[in-house]
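Peer 1: First to last, the protein sequences are chains A and B. Just so we're aligned, residue 0 is where the first sequence starts under numbering that gives the first Met the number 0, counting upward by one. Just so we're aligned, residue 0 is where the second sequence starts under numbering that gives the first Met the number 0, counting upward by one.
Protein chains: 2
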Amino acid sequence: MLLSKACIYGMRASLFMAAMHKQNRQFVPIREVSDSLDLSFHFLTKILQQLTAAGLMESYKGPKGGIALSRPPKEIMLIEIVTAIDGDALFTECVLGLPGCGHKKACPLHDKWAYTREAIQIMFNSTSLEELASKGKRMNLRLSDELTMEDLIKSV
Amino acid sequence: MLLSKACIYGMRASLFMAAMHKQNRQFVPIREVSDSLDLSFHFLTKILQQLTAAGLMESYKGPKGGIALSRPPKEIMLIEIVTAIDGDALFTECVLGLPGCGHKKACPLHDKWAYTREAIQIMFNSTSLEELASKGKRMNLRLSDELTMEDLIKSV
DNA sequence: TCTATTTAAGACTTATTTGTCTTTAATATA
DNA sequence: TATATTAAAGACAAATAAGTCTTAAATAGA
């Protein structure tokens, strides 16, 4: 699996927040996010804490509280979410798991993998939350098993 | 992590066997492989059973027994080892983990991911054990934390 | 036939990831 | 000030991955 479940859920939640942007709301309660995306509330809470710790989200306690993206969705790249939760091992480590594998001390697959993992990195590095949120709205794409982004925004 | 530990160890063992090819030996004992690569013998045994079940290796019990590649290294592609151990989820599943994500019922990242995962698939699909084994010997590359392919072949 | 060597099979343990639940702290509003 | 609502923190449980150990079955060679 490329990304951990925690990372996948964090990405979905971030995309949900990006889609909710411009809805004239400061903070969205985590419960609303977890219900909308059909994720465990407590598990999602822990994941979102990682994103707030990384400075990608802000949280506020109490009534009218919740979470919010700390920057406009256009300025948040997917790779920030990936590294905040899964770290950068995917983009730095040897595909055969050998410690210190690199140009000088390589495994036989190093060159090909270095090229491929850069393609993965570029995918996450060049894609913003805004890009996916607007594409998702425009093309009516999914963010959960059943519901599209428009469905989700309407339902809250 | 792209590949499971089991898959990584299975790949290293397969590359070791490819490097040992043409050494005038039918079967190489698993103990020799695990000692050479500094892997757990019992764990590696279970992994190799998956490769023999998949028809990639053959095994023989008793004295002079061990394992052997069932085809010449030139005819075994890395993807066969990956799919035998980790399955094909990496090449078929949604990066956001949504069931049934595809062209018709897509997530916002589907198009980019479909392209990137194909690059990963091509990497494994177009690389044979022979290619890596000969490259490893030629360039003195590593197959364990400390030892290169030549080291390993000489030491047995 | 007996013994040593080797893989096969599977029970078992440990570590990590995933998920649940309870309590605490902050805060808006009545 | 009292209450309801919300995130934070952390204990706990379940599921999965990773790794260990023992016994059984096959086989070569003495």
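No residue lacks a Cβ here, since even glycine has one placed at the ideal position from N, Cα and C.
#1: List, in order along the chain, the chain A residues whose C-beta lies closer than 7 Å to that of residue 152(B)?
#2: Determine whether the beta carbon atoms of residue 120(B) and residue 90(B) lie at a separation below 7 Å.
#3: Around the C-beta of residue 56(A), are 16 or more other C-beta atoms found within 10 angstroms, so that it is buried, or is it exposed?
#4: Is the Cβ-Cβ distance between residue 36(B) and residue 154(B) less than 7 Å?
#5: Starting from residue 77(B), trace the alpha helix (DSSP H) in both directions and tell me its first and last residue.
#6: Excluding the 5 residues flanking residue 31(B) on each side, which residues of the same chain have their C-beta closer than 8 Å to its C-beta?
#7: Across the region 18-26 of chain B and the region 64-78 of chain B, are there enough close Cβ pairs to call them in contact, namely three or more that are closer than 8 Å?
#8: Counting only beta-carbon separations shorter than 7 Å, does residue 61(A) have a partner in chain B?
#9: Select from the region 114-137 of chain B all residues with a C-beta closer than 7 Å to any C-beta belonging to chain A, and list them in chain order.
#10: Determine, using beta carbons only, whether residue 107(A) and residue 134(B) come nearer to each other than 7 Å.
#11: Quick one: does residue 144(A) have its CB under 7 Å from some CB of chain B?
#12: Count the CB pairs spanning the region 75-84 of chain A and the region 110-128 of chain A that are closer than 8 Å, and state whether there are at least three.
#13: On the CB-based measure, 16 or more other CB atoms within 10 Å of its CB, does residue 114(B) come out buried or exposed?
#14: Using a Cβ cut-off of 7 Å (strictly closer), state whether residue 6(B) contacts chain A.
#15: Using 7 Å as the limit for Cβ to Cβ distance, is residue 73(A) near chain B?
Peer 2: Reading it off the structure:
#1: On the second sequence, position 153 is the one that residue 152(B) refers to. Under the 7 Å cutoff, chain A gives no residues; its nearest Cβ is about 14 Å from residue 152(B).
#2: Here residue 120(B) corresponds to residue number 121 of the second sequence, with the count starting at 1. Here residue 90(B) corresponds to residue number 91 of the second sequence, with the count starting at 1. Yes; because the gap between Cβ atoms is below 7 Å, this pair is in contact.
#3: Taking the first residue of the first sequence as 1, we reach residue 56(A) at position 57. Burial call: buried.
#4: The residue you call residue 36(B) lines up with position 37 of the second sequence. The residue you call residue 154(B) lines up with position 155 of the second sequence. In this structure, residue 154(B) does not lie closer than 7 Å to residue 36(B) by Cβ.
#5: The count along the second sequence starts at 1 and reaches residue 77(B) at position 78. First-last of the alpha helix (DSSP H) with residue 77(B): 77-85.
#6: What you label residue 31(B) is simply residue 32 of the second sequence in a count that begins at 1. Excluding residues within five positions, the ones whose Cβ falls inside 8 Å are 65, 155.
#7: yes
#8: Here residue 61(A) is taken as the residue at index 62 of the first sequence, counted from 1. By this cut-off, residue 61(A) is not an interface position.
#9: 115, 118, 119, 122, 126, 131, 134, 135
#10: For the purposes of this step, residue 107(A) is taken as residue 108 along the first sequence, with counting starting at 1. For the purposes of this step, residue 134(B) is taken as residue 135 along the second sequence, with counting starting at 1. It is a contact, given that the beta carbons lie within the stated cut-off.
#11: By one-based count along the first sequence, residue 144(A) stands at place 145. Yes, contact with chain B.
#12: yes
#13: In the second sequence, residue 114(B) corresponds to position 115, counting from 1. With fewer than 16 other Cβ atoms within 10 Å, it is exposed.
#14: Start at 1 with the first residue of the second sequence, and residue 6(B) comes out as number 7. Not an interface residue.
#15: The residue given as residue 73(A) occupies position 74 in the first sequence. By this cut-off, residue 73(A) is not an interface position.
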